[in-house]
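Per the UniProt record's numbering, the sequence shown runs over residues 1 to 873. No residue lacks a Cβ here, since even glycine has one placed at the ideal position from N, Cα and C.
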Amino acid sequence: MDVRTSRLDIRGMSCANCSATVGDALTALDGVRDATVNYATDEGTVEYDPEAVSLRDIVAAVEDAGYGVVTDTTTFAITDLSCANCADTTEAALDAVPGVVEATVNYATDEAQVTYLPGTTSVAALHDAVADAGYTPVGADDGEDDGAADAHEDARDTARRAEIRRQRRLTAFGAALAAPLLFFLVEELLLGGSYLPDHVLGIPRGWVQFLIATPVQVVLGRPFYRNAYTALAKNRRANMDVLIALGSTTAYVYSIAVLSGVIVGRVYFDTAALILVFITLGNYLEARSKGQAGDALRKLLEMEAETATLVDDDGTEREVPVADVAVGDRMQVRPGERIPTDGVVVDGASAVDESMVTGESVPVEKDVGDEVVGATINENGALVVEATRVGADTALQEIVRTVKEAQSRQPDIQNLADRISAYFVPAVIANALLWGALWSLFPGTLAATIEWLPLWGLVAGGPIVAGGTVSTFEFAVVVFASAVLIACPCALGLATPAATMVGTTIGAQNGVLFKGGDVLERARDVDTVVFDKTGTLTRGEMSLTDVVALDGRPANHDGTAADGGQVTARERPSEDEVLCLAATAERASEHPLARAIVDGATARDLAVGDADDFENVPGQGVRATVDGETVLVGNRTLLGEAGIDLSPAAETMERLESAGKTAMLVARVADGDGTLLGVVAAADTVKPGASEAVDALQARGLDVTLLTGDNERTARAVAEQVGIDPANVRAEVLPEDKSDAVAAIQEDGRAAMMVGDGVNDAPALAVASVGCAIGSGTDVAIEAADLTLMRDDPLDVVKAIRISDATLSKIRQNLVWALGYNTAMIPLASLGLLQPVLAAAAMAFSSVSVLGNSLLFRRYTPDHDYRLLGRFR
């Protein structure tokens, strides 16, 4: 039994009992032979059988026990990956390194992302593992600083550009030599080989083809032979390079045997060379397409400002590289300039274009105290910004980091493609050998069986039936080469990661950050959306909604007094007078309701004065002296204790409170006599896009639920405003019970998306099939969620689901194309209906077609649903 030992740096232990708890959690795992945890050093040592338990399971056990394990994550590019099997091989090599918690290799981006224990292994060891597997690691991002990330980006882009140039040079070299060979091939197929002479410059035609094809075989074939050897000898796995090497070598060696007189037949040097040329051309186009798929993310990084204008304490300005900006520095940002880094406005006002972060084209007004995001554009006014986050901690870097992590975590649908790819190449070789043998043993029977096919007379099978010059063995070789070359797992391996890469980038461009390709898949399957109320559907802050002036006597709807008297203008104060008096009394209070009243009066340009003898009455309201008279603003208890008749406000209070608003009575007391003046009401108002979001979700057939800790009356009022069915409202739910409520929804097999913003929403976000955090929410909520909405807009929930649906539709299109291509082409090649050259060309362009289909997806915008055939409405 292979036993490994790993050292864990454990966080969060506060006593010896903690270390015992962690130790018990580890020893409870099947496959763990021994575990010791030292509270004094915050370290643990685990001996385990990697065949029975993974290091990922061990780390998860510690986390489930309520503690953490210190891990690092590195990302680096890998060159020489020629197919999905290569990515799988590299991933397996990294997983085998002691100390690796999780490794993913993305063939579409040619990148590896590895989470590891820094005390057990190192980045150098990871690079060595990749090199030992036969591939080349390029650059590394250890996540420590912005410079490391930039170095990684530069190294990866340099490697990608170098690969594109290399493939272009090889293609040009091969095409130049293969052109005359192509002429020979066309002349032989269409004219029967009677047009060109048998000798060229005195050299036999076959030897001319040999002299031209051999440099192609050596130069273009070298990387395929090298990679095929690595795959078979080192990794014990067959990949695409094995198929290409087999097909091309079969044609080349057979032709040498014919040329040497060992066997009788025609030479296939043209086929051997053109196979390599077409495959190399396909690799070149594929490399370009991969680069284009990642362009959007790279362009996002390129939007960062290169310099910043710092303002010193004495007011002098100096220009420095943006990398030199530190937290707390003040920066001058003039109209038209990019804001160098995240910060808060300390002077000035302007509109800022934040479309690169939120996808919102309308500039956002910024004033003193407002936060701004680095790399966004200051539109019109001058700003002084104090830096709050710099380097790798900025919002832009976080977006790019999240998108890259999302691209490395593939949907579960990729598992199907991975399983198929693992057995695909051996199955293809076995199929080619089988049909080659069948054609060699039973040519007449097979030919007679399929000669009715429309393509029969256009391929090499026809002459067998007609008694032509193509021998049985020769045709068997042709079938073998075609059957090997036509089938390639590349298109299958690219189908999911290529679409996921584009889908997550579209999300980032529209302010929707998916934390993984698996989240994209789960979001599409959501059938219930659960909204928190405060800060999610509502603004999360109280605003003045109503001001009602009263005359102090019970009133009817027509304005007459309930006792039959007529209310005069002098008896009834104006709404502005009531509001101004209430705001003056509340001005000294810090209560959210008081702030709403004062802000409402200020918005109406009312002159809010200062009150004397201010007194806050807990749970009831405030009492203050305004212009020598006592003013009361509060609930029924406060005014009732002052002996004020509340009956004139009874109907108004009931109406406002039934609408989910907080109503406050306003009264004046002079010479011991109290007069009821009016009612002011405030509420947490619904966000502008809330009702549209609910309508759009319900139009898609999703159930929408409101889950809140607020009272039943307020919850139902908000639900009514946004269009949520009252039966789907759950109010007065304690924070610790929210996760249970979400779990209950999912008990019968439903998939719920929880949308929230507060600390109290974090457990529910973690329990939900998809946790969705509003970007303006708390860090805890964002950390617990699976996707983050950068804007404070409920409509972006709809965008997230649309992007998810569109990406999965694109993945399915790619998989249908890749599987359909192989399903159709393998039988054609096996039945002798495909020339090896055509098989090679078709195989090369299958991967390009999948990438091209994914690149077309870049045009999609989530303002509308995606249609399967690529149309947009």
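Short Cβ contact (8 Å threshold) for Ala392 with Thr341: no
Burial state of Leu609 (16 or more Cβ within 10 Å): The sequence as given places Gly at residue 609; Leu does not occur at that position. By the 10 Å Cβ count, Gly609 comes out exposed.
Three-way DSSP call (helix, strand, coil) for Gly31 in this model: coil
Presumed contact (8 Å Cβ cut-off) between Ile279 and Ala840, rounded CB distance: 6 Å
Inter-residue Cα distance where the pair is Pro180 and Ile256: 19 Å
Chain-order list of residues whose beta-carbon lies under 6 Å from that of Gly147 (same chain, five-residue window excluded): With a pLDDT of only 48 at Gly147, under the threshold of 50, the placement of this residue in the model should not be trusted; the figure read from the coordinates follows. For Gly147, where only same-chain residues beyond five positions count, there are no Cβ hits under 6 Å.
Three-way DSSP call (helix, strand, coil) for Arg161 in this model: helix
Where Pro827 sits in the DSSP three-state scheme: helix
Cβ-Cβ separation, Ala693 to Leu795 (assumed contact under 8 Å), whole Å: 5 Å
Phe442, buried or exposed, once every other Cβ within 10 Å from all chains shown has been counted against 16: exposed
Beta-carbon separation (whole angstroms), Pro592 vs Met542, contact threshold 8 Å: 5 Å
Buried versus exposed call for Lys366 [16 or more other C-beta atoms within 10 Å across all chains shown]: buried
Any non-hydrogen atom of the ligand PLP closer than 7 Å to Phe480 Cβ: Here there are no bound small molecules, and the ligand PLP is not part of this structure.
The beta strand (DSSP E) enclosing Arg330, as first and last residue numbers: Arg330 to Val333
7 Å Cβ shell around Gly31 - same chain, five flanking residues per side excluded: Tyr48, Asp49, Ala52 and Val53
Status (buried if at least 16 other CB within 10 Å, exposed otherwise) for Tyr423: exposed
Exposure of Gly564, with buried meaning 16 or more beta-carbon neighbours within 10 Å: Low local confidence applies: a pLDDT of 46 at Gly564 is under 50, so the model's placement there is unreliable, and no value is given.
Span of the beta strand (DSSP E) around Asn616: Asp612 to Val617
Straight-line gap, Leu855 to Ala603 (C-alpha atoms, nearest Å): 49 Å
Burial state of Asp314, where buried means 16 or more other Cβ atoms lie within 10 Å: exposed
Buried or exposed (CB count within 10 angstroms, at least 16 for buried), Asn85: buried
Integer Cβ distance of Ile212 from Leu177, believed to fall under 8 Å: 5 Å
Buried or exposed by the 16-neighbour rule on C-beta atoms within 10 Å, applied to Arg716: buried
Extent of the continuous beta strand (DSSP E) run through Gln113: Glu111 to Tyr116
Residue environment, Glu736, which counts as buried when at least 16 other CB atoms sit within 10 Å: exposed
Contact belief for Ile78 with Thr121 at Cβ below 8 Å, rounded distance in angstroms: Not confirmed; about 17 Å, so no contact.
Where Ala77 falls: helix, strand or coil (DSSP): strand
CA-to-CA distance, Leu232 to Thr271, given in whole angstroms: 25 Å
Inter-residue Cα distance where the pair is Ala251 and Arg168: 24 Å
Own chain residues within Cβ distance below 7 Å of Glu379, not counting five before or after: Pro335, Ser350, Ala351, Val352, Asp353 and Pro363
Rounded separation between Ala681 and Gly369 - CA only: 27 Å
Where Lys366 falls: helix, strand or coil (DSSP): strand
Counterpart residues of Tyr229 in DSSP-defined beta bridges: According to DSSP, Tyr229 bridges with nothing at all.
Secondary structure of Pro648, DSSP reduced to three states: helix
Under the three-state DSSP convention, the category Val484 falls into: helix
Short Cβ contact (8 Å threshold) for Ala743 with Val767: yes
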